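Below: the structure, in structure tokens.
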Amino acid sequence: MSAPGRRFAIYDALPAAVGIATVIAFFAALEGLIQGGVVNRFIVPPPSEIIGSFGRVFVEEHIVSRFFFTLGECLMAGVMITVFGVAGGFLLYRYKLLQQATETWVAALAAAPVVLAYPLFMVIFGRSAWTIIMIGFVAALPPVILKTLEGLSGTRKVLVNVGKSFNLTGSQQFWKIMFPAALPTMFVGVRLGLIFALINIVGVEFLINYGGLGQLINDLAERYDLAGTYAAICFVILVSVVFFMSLEKAERWLRPVD
Amino acid sequence: MSPPSTTPNDILVAKDVIVRFETAEGPIVAVDNVSFDVRPGEFLSVIGPSGCGKSSLFNVIGGLLTNHQGTVQVAGETIDGPHKSIGMVFQEESTFPWRNVVDNVAFPLELIGMPKAKRVERAKYFIKLVGLDGFENRYPGELSGGMRQRVSLARTLASEPKILLMDEPFAALDEQTRLLLGDKVLQIQQQLQQTTLLITHNITEAVQMSDRILVMTYRPGKVKRIVDINLPRPRTSEIVGSEAFGRYVAEIWADLREEASRGMKDEEQHALNEAPAS
Amino acid sequence: MAETGRLTRTAPSAPLLSPVTLLRVAIILGVLAGWELLSRSGWLYRDVVPSWLAIGKALADLLSSGEYYFNLGVTAAEIGAALAIGGISGMAVGILLGANRFLAKAFEPYLYYLGPTPKIIFFPIMIMWFGVGPGSKIALGTLSCFFPVALSAAAGMRQIDKVLIKVGKSFRANTWQTVWKIYLPAMRHPIINGVRLGLGVALIGTLLAETKLSNKGVGFLIIQAYSVFDMPRMYAMLIVLFVLAIGANALVGRLGGLHTIRR
């Protein structure tokens, strides 16, 4: 590695180290305050106790199977939003009148607090996985539609002209040019949708006390298992962060080098 | 080349200014032992090829760059930050897009706490001076590039600086607008007897407006020559056609050309070094 | 058919009758008709899809009841408080991170990755810390809206045209003046956008918390309607809620646009 390269690595490593050190220091201070009695340990359990209960929660509460349950719901919602979202986006692209009429409605739906209607979904689908999946689906659908539309509409004119110059048929034009060109943007839409879906799915699991990870937190809270509740929340946040990071990596891998 | 002489009347004195930068390829010297003086009421241009360090010099005098060796003194006080006697006009678009013309121009007065009625009146005077009366309530977004630069100029003049420091303020404008705005600046300068320091790469502009021109070498930037421009005042852009004018331009171009080609060769060498291995 | 012909001829000069509007009206009518059909068909469990008449009546009852406005006020106050606390602290943190590159590299990744996580799961902790009253709802709303506001503010700081800051420096503006007269106006678009996002998530966070554990507020009323299976009332409340939420979103967006003085 040349001298400049080495220099820049240090410039990035130092702030990251400071960040991590601050977080560790914060938790160490918290531990101290709680053990010292300044902070009530029946409201905030000491971090050591929380870490300690991880193992217990993992085994006793079947975290692995819960994790896969939640994952299954997300996957189902993911498949649904991809199928219907891409199809919807394509329809809006293909039929301009439809786009002009409904695009703002789709955008409004994206901003609408769909999850607030969860009692309604419960009435329709019962207290079941389908309520959870459907809420995830409805909340996550708009970004996929909008990004698909954006990707297809935004294909650079010159690429379309290249296709025309080769006398491609409509179908060939779509599959060989428009679709691959729109793919990165469509993936951004699916990524956004998946994140919305996960957040809503875990949230609803918590609210209706059914499902995998979200339900676990609700359960532990109702049992007044303080350390367990904190541990479960930490775990779910961790899963959420890892999910988000992997989606980002996947998108970067899919996107051609600009 | 005689060393610049400083007289007790000098309003700005730069002495042995050295500016160094750390870059990916190692340290470079942008400004190398530059010394000069500016006399009250005079129009001094600093001209040089790209890469001669004139922007660094601009930032040093303006107090935005304090990491340098040597001193710059204004009316006896050493500069170690933006000085109240120096007003800066930047090369880039610098009007505040969310304020109208009058509020833009009144900005420095607002900062020192001048009451509203008084600062609006003061601002209107300078707006008229740059020829934008009638546009007080317009927003920069509604004006052309040249008009926006005039607003920036009026704003700086409103702070009534002893020295007006400008960094290629007309670089983004087309030639005709530039010449006409140059006329305007000259007219204002002569009316206010404003000491002005102009950084530029445009020879015509420098000769048109200046009493003296300081020619800089390519990096590391040193003072190559100081040329006295003895063209009659008051001047307008019409002078561009005169014979004396042409001679001055030729003289300065002869100096600059050498420096500019050195600059170009340097850049070519750079590009070659960075070429990816095929 | 003759009617269509007439419309087509006058279309260009009568935007009200444009094909787009016609399609929209057609879709809306179609949905309304389909709904009513579904309601009367007895296909689904009776009150899951109540007739429009029932929903209309429930809506009228709702909007004329003092009890509803009281609860609406409670929720609005909670959301307002959450937005104020989360918004101001988010803005302060965002400005700090945007201004200082080192701090941004050290701490912004945490905000960025912790942002898109379900915040409602923190509710049990909020109840422990702030009790079962409005405090825990406000706390959850604050937690929700802190992140988007902070991230928008940080990004907003970085997109400020550097020359404007130099102008402030050249006129020797002090820190306070620089923040108020240059940073904040220059960031007005990202700030408005951040507030819009913040409002959206604060609304969701606060309302979900109300549905989970509360005895006041719109969320509480919704869950109450659910528990007694008063479907028309629930639909009515959801309709009002969605209209208000989308309306508030559009209003804030419009407010940002009114100050548009773009280069």
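Protein chains in written order, with this note's numbering: chain A, 1 to 258; chain B, 1001 to 1278; chain C, 2001 to 2263.
Ideal placement from N, C-alpha and C gives every residue a C-beta, glycine not left out.
These figures come from a predicted structure and were not determined experimentally.
7 Å Cβ shell around methionine 80 of chain A - same chain, five flanking residues per side excluded: Position 80 of the first sequence, counted from the start, is the residue given in the question as residue 80 of chain A. Within the same chain, methionine 80 of chain A has close Cβ partners Phe137.
7 Å Cβ cut-off: residues of chain C touching leucine 1111 of chain B: In the second sequence, residue 1111 of chain B corresponds to position 111, counting from 1. Those within 7 Å of leucine 1111 of chain B in chain C are Phe2171, Ala2173, Gln2177.
Leucine 1012 of chain B - DSSP class collapsed to helix/strand/coil: The residue labelled residue 1012 of chain B in the question sits at position 12 within the second sequence. Under the three-state reduction of DSSP, leucine 1012 of chain B is assigned to strand.
Contact the stretch 1067-1081 of chain B vs the stretch 2129-2145 of chain C: 3+ CB pairs below 8 Å: Contact between the stretch 1067-1081 of chain B and the stretch 2129-2145 of chain C is absent: fewer than 3 CB-CB pairs across the two stretches fall below 8 Å.
Residue nearest to alanine 1117 of chain B in terms of C-alpha spacing, selected from B/Gly1131, B/Lys1128, B/Val1102: As a working note, residue 1117 of chain B is residue 117 in the second sequence. When only C-alpha atoms are compared, the closest one is B/Val1102.
Separation of valine 18 of chain A from lysine 2166 of chain C, as counted between CA atoms: Working through the third sequence from its first residue, we reach residue 2166 of chain C at position 166. Working through the first sequence from its first residue, we reach residue 18 of chain A at position 18. Roughly 30 Å between the two C-alpha positions.
Alpha helix (DSSP H) runs wholly inside the stretch 2207-2231 of chain C, at least 4 long, in chain order: For the alpha helix (DSSP H) assignment, the uninterrupted runs of no fewer than 4 residues enclosed by the stretch 2207-2231 of chain C are, from N- to C-terminal side, 2217-2227.
Test: phenylalanine 187 of chain A CB closer than 8 Å to a CB of chain C: For the purposes of this step, residue 187 of chain A is taken as the residue at position 187 of the first sequence. Contact with chain C is absent for phenylalanine 187 of chain A, since none of that chain's Cβ atoms lies less than 8 Å from the residue's Cβ.
Three or more C-beta pairs below 8 Å linking the stretch 2198-2209 of chain C and the stretch 2077-2092 of chain C: When Cβ pairs closer than 8 Å are counted between the two stretches, the stretch 2198-2209 of chain C is seen to touch the stretch 2077-2092 of chain C, the count reaching three or more.
Amino acids of chain C, ordered along the chain, whose beta-carbon sits closer than 9 Å to that of proline 15 of chain A: Within the first sequence, residue 15 of chain A is the residue found at index 15, counting from 1. By Cβ distance, chain C contributes Arg2101, Phe2102, Leu2103, Ala2104, Lys2105, Ala2106, Phe2107.
Residue nearest to threonine 1095 of chain B in terms of C-alpha spacing, selected from C/Ile2182, C/Val2149, C/Ser2051: As a first step, residue 1095 of chain B is located in the second sequence; it is residue number 95 there, counting from the start. The candidate whose alpha carbon is nearest that of threonine 1095 of chain B is C/Ile2182.
Proximity winner among A/Ala101, A/Glu31, A/Leu238, relative to isoleucine 2027 of chain C (alpha-carbon distances): As a working mapping, residue 2027 of chain C is identified with position 27 in the third sequence. When each option's Cα is compared against that of isoleucine 2027 of chain C, the closest is A/Ala101.
Selection from A/Glu103, A/Lys249, A/Ala182, A/Ser171 that minimises the alpha carbon distance to threonine 155 of chain A: Within the first sequence, residue 155 of chain A is the residue found at index 155, counting from 1. Here the closest residue by C-alpha is A/Ala182.
Exposure label - proline 2012 of chain C; buried when at least 16 CB within 10 Å: The sequence position of residue 2012 of chain C within the third sequence is 12, counting from 1. For proline 2012 of chain C, the predicted model reports a pLDDT of 49, less than 50, meaning its position is unreliable; a value from the coordinates is still stated below. Here proline 2012 of chain C is exposed: its Cβ has fewer than 16 other Cβ atoms, across all protein chains shown, within 10 Å.
Host beta strand (DSSP E) of aspartate 971 of chain B (start-end): This structure gives no information on residue 971 of chain B, because the portion of chain B shown stretches from 1001 to 1278.
Outcome for asparagine 1273 of chain B when other beta-carbon atoms lying within 10 angstroms are tallied against a minimum of 16: Walking along the second sequence from the start, residue 1273 of chain B turns up at place 273. Asparagine 1273 of chain B should be labelled exposed.
Where glutamine 1194 of chain B sits in the DSSP three-state scheme: Taking the second sequence and counting its residues from 1, the one referred to as residue 1194 of chain B is at position 194. Of the three classes helix, strand and coil, the one that applies to glutamine 1194 of chain B here is coil, per DSSP.
CA-to-CA distance, glycine 32 of chain A to isoleucine 217 of chain A, given in whole angstroms: Locating residue 217 of chain A in the first sequence gives position 217, counting from the first residue. Locating residue 32 of chain A in the first sequence gives position 32, counting from the first residue. Rounded to the nearest angstrom, the two C-alpha atoms are 26 Å apart.
Any C-beta of chain A under 8 Å from that of phenylalanine 2242 of chain C: Indexing the third sequence from 1 puts residue 2242 of chain C at position 242. So, interface residue.
Validate contact between the stretch 2086-2093 of chain C and the stretch 2192-2199 of chain C using beta carbons, cut 8 Å, 3 pairs: Contact between the stretch 2086-2093 of chain C and the stretch 2192-2199 of chain C is present, because at least three Cβ pairs lie under 8 Å.
For glutamate 1022 of chain B, the residue or residues it bridges with in DSSP: Start at 1 with the first residue of the second sequence, and residue 1022 of chain B comes out as number 22. Within the DSSP secondary-structure output, glutamate 1022 of chain B pairs in a beta bridge with B/Pro1027.
Separation of alanine 232 of chain A from proline 46 of chain A, as counted between CA atoms: Position 46 of the first sequence, counted from the first residue, corresponds to residue 46 of chain A. Position 232 of the first sequence, counted from the first residue, corresponds to residue 232 of chain A. Taking the CA atoms as reference points, proline 46 of chain A sits about 15 Å from alanine 232 of chain A.
Burial state of methionine 245 of chain A (16 or more Cβ within 10 Å): Residue mapping note: residue 245 of chain A aligns to position 245 of the first sequence, counting from 1. Taking all protein chains shown into account, methionine 245 of chain A has fewer than 16 neighbouring C-beta atoms within 10 Å of its C-beta and is therefore exposed.
Methionine 1216 of chain B beta carbon less than 8 Å from that of valine 1046 of chain B: For the purposes of this step, residue 1046 of chain B is identified with residue 46 of the second sequence, where counting begins at 1. For the purposes of this step, residue 1216 of chain B is identified with residue 216 of the second sequence, where counting begins at 1. When the beta-carbon positions are compared, valine 1046 of chain B and methionine 1216 of chain B come within less than 8 Å of each other.
Minimum Cβ-Cβ distance from proline 2185 of chain C to chain B less than 8 Å: Against the third sequence, residue 2185 of chain C aligns to sequence position 185. Closer than 8 Å to some Cβ of chain B, the Cβ of proline 2185 of chain C qualifies, so yes.
Interface partners of valine 2163 of chain C on chain B, CB under 8 Å: Indexing the third sequence from 1 puts residue 2163 of chain C at position 163. Per Cβ cutoff of 8 Å: Phe1090, Glu1092, Glu1093, Ser1094.
Per-residue contacts from serine 1050 of chain B into chain C (C-beta, under 9 Å): Translated into the one-based positions of the second sequence, residue 1050 of chain B becomes position 50. What serine 1050 of chain B touches in chain C: nothing, since even the nearest Cβ is about 19 Å away.
Beta-bridge pairing of glutamine 1189 of chain B - partner residues as DSSP gives them: As a first step, residue 1189 of chain B must be located in the second sequence, where it is residue number 189. Glutamine 1189 of chain B is not bridged to any residue.
Valine 115 of chain A versus leucine 2208 of chain C: straight-line alpha-carbon distance, rounded: Taking the first sequence and counting its residues from 1, the one referred to as residue 115 of chain A is at position 115. Taking the third sequence and counting its residues from 1, the one referred to as residue 2208 of chain C is at position 208. Distance between the alpha carbons of valine 115 of chain A and leucine 2208 of chain C: 8 Å.
C-beta neighbour in chain C for glycine 5 of chain A, strict 8 Å: Along the first sequence, read from residue 1 onward, the residue named residue 5 of chain A stands at position 5. Interpretation of glycine 5 of chain A is limited by its pLDDT of 47, a score under 50 that renders its predicted location unreliable; the figure taken from the coordinates is listed afterwards. Not an interface residue.
C-alpha gap between arginine 2262 of chain C and threonine 185 of chain A, whole angstroms: Within the third sequence, the letter at position 262 stands for residue 2262 of chain C. Within the first sequence, the letter at position 185 stands for residue 185 of chain A. Unreliable placement is indicated for arginine 2262 of chain C, whose pLDDT of 45 sits below 50; the coordinate value is still reported in the next sentence. Their backbone Cα atoms lie some 28 Å apart in a straight line.
DSSP bridge partner residues for isoleucine 1086 of chain B (one or two, in chain order): Residue numbering aside, residue 1086 of chain B sits at position 86 when the second sequence is read from its first letter. Paired residues: B/Ile1163.
Segment contact, 8 Å Cβ cut-off, at least three pairs: the stretch 151-171 of chain A with the stretch 117-131 of chain A: The stretch 151-171 of chain A, when compared against the stretch 117-131 of chain A, does not touch it at the 8 Å Cβ threshold.
Top-ranked residue by Cα proximity to alanine 2106 of chain C, from A/Val202, A/Phe243, A/Gly228, A/Ala13: Position 106 of the third sequence holds residue 2106 of chain C. Cα-wise, what sits closest to alanine 2106 of chain C is A/Ala13.
Proximal residues of chain B, C-beta to C-beta of arginine 2188 of chain C below 9 Å: Taking the third sequence and counting its residues from 1, the one referred to as residue 2188 of chain C is at position 188. Under the 9 Å cutoff, chain B gives Trp1098.
Check whether valine 960 of chain B and arginine 1020 of chain B have beta carbons under 8 Å apart: The structure shown does not extend to residue 960 of chain B, since chain B is modelled only from 1001 to 1278, so the question has no answer here.
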